[in-house]
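*Asks:* My structure is below; once you've seen it, I'll send some questions.
Protein chains: 4
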Amino acid sequence: MIIILEPGATPAQREELVADLHARGYGVHLSEGVERTIVGVIGTPERDKEGLVEQFEALPFVERVVPILKPYKLVGKAFKPEGTVINVRGVQIGGGTLCVMAGPCTVESPEMLFETAKMVKAQGAHVLRGGAFKPSTSPYSFHGMGEDGLKLLAEARDMTGLPIITEVMDTRDVELVGKYTDIYQIGTRNMTNYSLLREMGTTRKPVMLKRGWASTIEEWLQAAEYIASQGNYEIILCERGIRTFETYTRNTFDINAIAAIKELSHLPIFADPSHGTGKRSLVSAVSLGAVATGADGLMIETHPNPEKALKDGPQSLSFGQFEKLMQDVRPIAQAVGKTL
Amino acid sequence: MIIILEPGATPAQREELVADLHARGYGVHLSEGVERTIVGVIGTPERDKEGLVEQFEALPFVERVVPILKPYKLVGKAFKPEGTVINVRGVQIGGGTLCVMAGPCTVESPEMLFETAKMVKAQGAHVLRGGAFKPSTSPYSFHGMGEDGLKLLAEARDMTGLPIITEVMDTRDVELVGKYTDIYQIGTRNMTNYSLLREMGTTRKPVMLKRGWASTIEEWLQAAEYIASQGNYEIILCERGIRTFETYTRNTFDINAIAAIKELSHLPIFADPSHGTGKRSLVSAVSLGAVATGADGLMIETHPNPEKALKDGPQSLSFGQFEKLMQDVRPIAQAVGKTL
Amino acid sequence: MIIILEPGATPAQREELVADLHARGYGVHLSEGVERTIVGVIGTPERDKEGLVEQFEALPFVERVVPILKPYKLVGKAFKPEGTVINVRGVQIGGGTLCVMAGPCTVESPEMLFETAKMVKAQGAHVLRGGAFKPSTSPYSFHGMGEDGLKLLAEARDMTGLPIITEVMDTRDVELVGKYTDIYQIGTRNMTNYSLLREMGTTRKPVMLKRGWASTIEEWLQAAEYIASQGNYEIILCERGIRTFETYTRNTFDINAIAAIKELSHLPIFADPSHGTGKRSLVSAVSLGAVATGADGLMIETHPNPEKALKDGPQSLSFGQFEKLMQDVRPIAQAVGKTL
Amino acid sequence: MIIILEPGATPAQREELVADLHARGYGVHLSEGVERTIVGVIGTPERDKEGLVEQFEALPFVERVVPILKPYKLVGKAFKPEGTVINVRGVQIGGGTLCVMAGPCTVESPEMLFETAKMVKAQGAHVLRGGAFKPSTSPYSFHGMGEDGLKLLAEARDMTGLPIITEVMDTRDVELVGKYTDIYQIGTRNMTNYSLLREMGTTRKPVMLKRGWASTIEEWLQAAEYIASQGNYEIILCERGIRTFETYTRNTFDINAIAAIKELSHLPIFADPSHGTGKRSLVSAVSLGAVATGADGLMIETHPNPEKALKDGPQSLSFGQFEKLMQDVRPIAQAVGKTL
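Listed below in structure tokens is the structure:
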């Protein structure tokens, strides 16, 4: 941590600060410049960096505090340089394979789910997605089939052999969802629901953590750190687009984040171009881009009749479009050295 | 709802759409322009507007769907043009009074809480704020005193007569927090935690709903609709700044939203310039602006020793600064016809 | 400047950097922490800070460079703590008065301009605004009357005694516009048109510099520094809203920026709630907020028939609304100690 | 255009509007719904759509106006479905080839320019980039060598046979720059400098139009329409990242925009991941992504000694990194059916 003092800071104030730092067990390096005094803080006896940064910034004679260390540790690259590989019922996530998770936004009926499950399996996808508990902006929208949806997902798994992933939104549902799912999904709206993140840390199943639509990469990694700090290291990150001023697309898919996560963290990083664009016509092109940039996997919405979908129809691929995407992504995966 | 067809839509497709709309009980108004056909949908037999918009947008021959009605109803201006007034232990919120809620970010100890409670009471504030459960970006930060903090808040209420407000973050804590607090607070990170919003709808205590840092005004009102739709109409909105590209301030306080809520909703609207700026030196000036623009109240962080605060020190006012703010806000309140 | 080295930086690299700094005439302060080495750079022999920051950041063994000094000087608070006051034909801008500039977005005809000019004069405004050269997003929109519009503005000045302000968009028009106007206006779209800013620096008339819709406060002050660095210190800043994800309003008026400029710069700061909101119904409320927060003046669009306006009708006040605003703003100005 | 009336609009107001529309030569389609009346406007006798939208929106009894037609025409897909192909000294841009433009951010000296030019030629790049007039946020930074830089670029062209591209920032420099360059570049800061865009429309050389850092895709296409409307159809669009809340990267590269432009326009679309990321370590990965998504070309900054670069060092590739990128991009181009 570096503390930059205001130009008018007095020697007494400086001494007060140094004494405080020493009392907390830090070493101190004073550097008096022409216009500012800079205080280097040496050593890391305390873990709660964030609290300290705020406290020193609150001092009236301090202009700014610059943290040096990253605010996450367990999910950082340095902690496990070789990269995390997760195995879910024989499906490998991370580590040089390209993993495709696909399925409907929401489980609506046995027929549509089973039909979709068979199709994505036939096309070579690895995991079946489908929502049983659905967050909706409007209280009057469909909110999912609940446990009945979970049961159908489990049936579809039995039918196809595909592991399943589904969202959990409420700390009270963690146990119930865990009875059925292979991978928990935390949605963008709950990335800062820290109670739920902590619960994820105590389960022993992999967790896909979607990026909050207005969360920085650093905050996203801190959210992952919540999970890891409770002992669950099997975390999959998923970029799903951020909120910007652009209105032609529903979100702005942050392709930079794919490359950035690869240099900052050892966790696998997925791309969700369905939400990242919000427009069916753009999903495939952006999927290819994400894989070329280094994504470890794709998360794709597909539906037998997108125009009848209860949710997310405009961004769901038809079966024909999904089939085409699976064909197109193969040479790209190959070009970047990934096995599909 | 207006459905705009693609230039190449065929007569058969048009007829299919019209038949579908009739089957759903809608009237239809066709308008063939030079370059586009526009389909006006008449009548509102179904409540779930959102689902329909998405379904029609998913049709391959539809270019765009324009919703006509606002996606909220109970919290809309038209539903209660005279404005909601809430009474909490004799304190009036909304309806021509200016209400000041103040206190520390977080309850840290009996001493600091009681000292602050007495001060804000003496300066004329109406409600005591203080966090017992605190959301933190980092898992390693202080997360509040929990129930012990709630007990201290209740003690401070007994001491000063000020009603109290405190945050609830987890559906499992709603009952516990409700045993102590007078007003529930839903923080910015939980504005899209719909399970928690529903729970708020079933309590019988007022709820302050902070705006999500990247939520539009419309989404915020839909979040309020979640609470209202469960039967709790005592909702206080609070603008606390949105996330933008600007880095000098922690958030961008959206003063437009204060004026916009006044024309869109009957709910009282508060301003939280502590989070809205993130900088102590800007809090007072922006507070005055918010009141002049029409805010029904202020939410202010103040601490006996901001530089010792476990959270939010840089944006907490010292006691002297809070006293000055209360003096300065009086003539502004008067100028806009509000009683303080 | 502080240079933070990568954890893996070698002693040889460190020595190379130190030698380079010495060669450039800087003093160096090395601080070796547990996890990082930090290099404090002492002295400011070179002016072009920005270039250096980038060069050091480009070194492969450097993690980050933290600039200490602000990247502007002439427009900074420290350069002239008492605040700049500008006098234009007897109208005082800054220094404890509230100055209102008002008029139509665009000069459309003699009748509408003269009618508006007389009205704003009668209501107590101080400066007449009106566009002769208008930037438009669409090439097919009205682009202003050009020199004919300038002539009408000059006539309106003769008629009312109000000084005039009008926009210049092209370096080739600076002389022409200068023959008529009292104050140059640089619009939001040209805040980063550095050629134009330099030209403004060589004129001897005041310049109003609107904030770029996606420019930070710091970049805005650097744009002002362009003008000042050429010798023209009579600069008026004008906040006009920034671009965010919110769509209910055309822009998000950044009220924080009003307070921030007051602590960072000595230049007068105006508010333009017409563009800042884009909605007539919100203009007055936000105007009051801006004045309460400390704005030195307002920039308001008003039109005899907003629904006939060739540009910006939806955000232009009718004459009746403008009259009401002038009445409402008086007690607010008084409350913050400003003379209107 | 569709005009949605306020719920309280009177029959007299409706008739007034209809009469006005008829007087302007439009057909009218009235659709009275349960809660709103909707007015469909038929026919397009006037070109200036934007002005009309604003005028109707300014009517007090109008709630909203929904434009139906896109606000650009000449650059729209429908105008030339087969796609624009540009030929510059034998280099093909668009139409199934991948074109790489590379070189230093800024021309600094003959040595560095010639060395870079030879290297990029040897690696298979098609066009040499380099700035002679450079926009800088700070007035104290290096602003380019001016005409001397242009001369060096022309020399490098003679030496290597590569056509050159360089930026023009001032309407007064268009002729001078045109004496040397093969392609004009309009930078992000000047995308809304409409005077300069018009000038570009009257030249007879291709123009690369970078996206404004806070401009929507629609505004960007309207800026291109400015150029086309003056008769110059040889326009190359270039996505270079937009400004968002994320701070880890300098900009957020909008990969969605690559796919969106492909469906909205016939113009070639390039990617500039150097500015789009601002971080050398991310440039190559994002370049691959852009090509996989469908970009017609890349714009890459490379420098013999990035850490000595006068500008943009942190985002410039070393020669070795550029060589690696050219190798890696080949199989991706092949996978999407493009010739490199």
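Protein chains in written order, with numbering that gives the first Met the number 0: chain A, 0 to 339; chain B, 0 to 339; chain C, 0 to 339; chain D, 0 to 339. Yeah, the Cβ is synthetic: ideal placement off N, Cα and C, and Gly gets one too. It should be emphasised that the depicted structure is a prediction, and the values quoted were computed from it without experimental measurement.
1. In the structure shown, what three-state DSSP assignment does residue 18 of chain A receive?
2. Are any of the Cβ atoms in chain C nearer than 9 angstroms to that of residue 82 of chain B?
3. Along chain A, which residues have their Cβ under 8 angstroms away from the Cβ of residue 281 of chain D?
4. Using a Cβ-Cβ cutoff of less than 7 angstroms, which residues in the same chain neighbour residue 93 of chain C once the five nearest sequence positions on both sides are dropped?
5. Would you call the region 31-38 of chain D and the region 26-38 of chain C touching, i.e. three or more CB-CB distances under 8 angstroms?
6. Considering residue 331 of chain B, what are the terminal residues of the alpha helix (DSSP H) in which it resides?
7. By the 10 Å Cβ neighbour count, where 16 or more other Cβ atoms means buried, how is residue 11 of chain D classified, buried or exposed?
8. Can you give me the start and stop residues for the alpha helix (DSSP H) that residue 154 of chain D sits inside?
9. Buried or exposed for residue 108 of chain A, going by 16 or more other Cβ atoms inside 10 Å?
10. In chain B, which residues lie with their C-beta within 8 angstroms of the C-beta of residue 242 of chain D?
11. Just mark residue 21 of chain D as buried or exposed, buried being the case when its beta carbon has 16 or more other beta carbons within 10 Å.
12. In whole angstroms, give me the CA-to-CA distance for residue 261 of chain C and residue 318 of chain A.
13. From residue 220 of chain B to residue 244 of chain A, what does the alpha carbon distance come to, in whole angstroms?
14. In whole angstroms, give me the CA-to-CA distance for residue 283 of chain A and residue 161 of chain B.
15. Since residue 165 of chain B and residue 180 of chain B should fall inside the 8 angstroms C-beta cutoff, what is the C-beta to C-beta distance between them, to a whole number of angstroms?
16. Check the Cβ-Cβ distances between residue 58 of chain D and every residue of chain C, and say whether any is below 9 angstroms.
17. Cα separation between residue 270 of chain D and residue 104 of chain D?
18. Quick one: give me the first and last residue of the beta strand (DSSP E) that residue 270 of chain C is part of.
19. Along the chain, where does the alpha helix (DSSP H) containing residue 117 of chain D start, and where does it finish?
20. Would residue 191 of chain A count as contacting chain B if we go by Cβ distances under 9 angstroms?
21. State yes or no: is the C-beta of residue 286 of chain C within less than 9 angstroms of the C-beta of residue 57 of chain D?
22. Hey, would you say residue 170 of chain D sits closer than 9 angstroms to residue 246 of chain A, going by beta carbons?
23. Taking DSSP as the reference, what is the three-state secondary structure of residue 253 of chain C?
24. Should residue 35 of chain C be flagged as near chain A, meaning a C-beta pair shorter than 9 angstroms?
25. Alpha carbon to alpha carbon, what distance is there between residue 173 of chain C and residue 289 of chain A?
26. Do residue 101 of chain A and residue 301 of chain A have their C-beta atoms within less than 9 angstroms of each other?
27. With DSSP run on the structure shown, which of helix, strand or coil describes residue 68 of chain D?
28. Using only the alpha-carbon positions, how far apart do residue 16 of chain D and residue 2 of chain D sit?
29. Given that a residue counts as buried once 16 or more other Cβ atoms are within 10 Å of its Cβ, and exposed if not, what is residue 9 of chain D?
30. Listing by chain order, which chain D residues have their CB less than 9 angstroms from the CB of residue 66 of chain C?
31. Could you check what DSSP says for residue 139 of chain D in three-state terms: helix, strand or coil?
32. Compute the beta-carbon to beta-carbon distance between residue 133 of chain A and residue 310 of chain A, rounded to the nearest angstrom, for a pair I have assumed lies under 8 angstroms.
33. Can you name the start and end residues of the beta strand (DSSP E) that residue 31 of chain C belongs to?
34. With 7 angstroms as the limit, tell me which residues of the region 12-35 of chain B have their beta carbon closer than that to any beta carbon of chain D; keep them in chain order.
35. Cβ of residue 185 of chain B less than 9 angstroms from any chain D Cβ?
36. Which residue's Cα is closest to the Cα of residue 213 of chain A: B:59, B:241, B:193, B:230?
*Replies:* Based on what the coordinates show:
1. helix
2. no
3. 255, 258, 259, 262
4. 82, 83, 84, 85, 267, 295
5. no
6. 318-334
7. exposed
8. 146-159
9. exposed
10. 244
11. exposed
12. 59 angstroms
13. 20 angstroms
14. 58 angstroms
15. 5 angstroms
16. yes
17. 15 angstroms
18. 268-270
19. 109-121
20. yes
21. no
22. no
23. strand
24. yes
25. 48 angstroms
26. yes
27. coil
28. 10 angstroms
29. exposed
30. In chain order: nothing, as chain D lies at least about 11 angstroms away.
31. coil
32. 6 angstroms
33. 26-31
34. 28, 30, 32, 33, 34, 35
35. no
36. B:241
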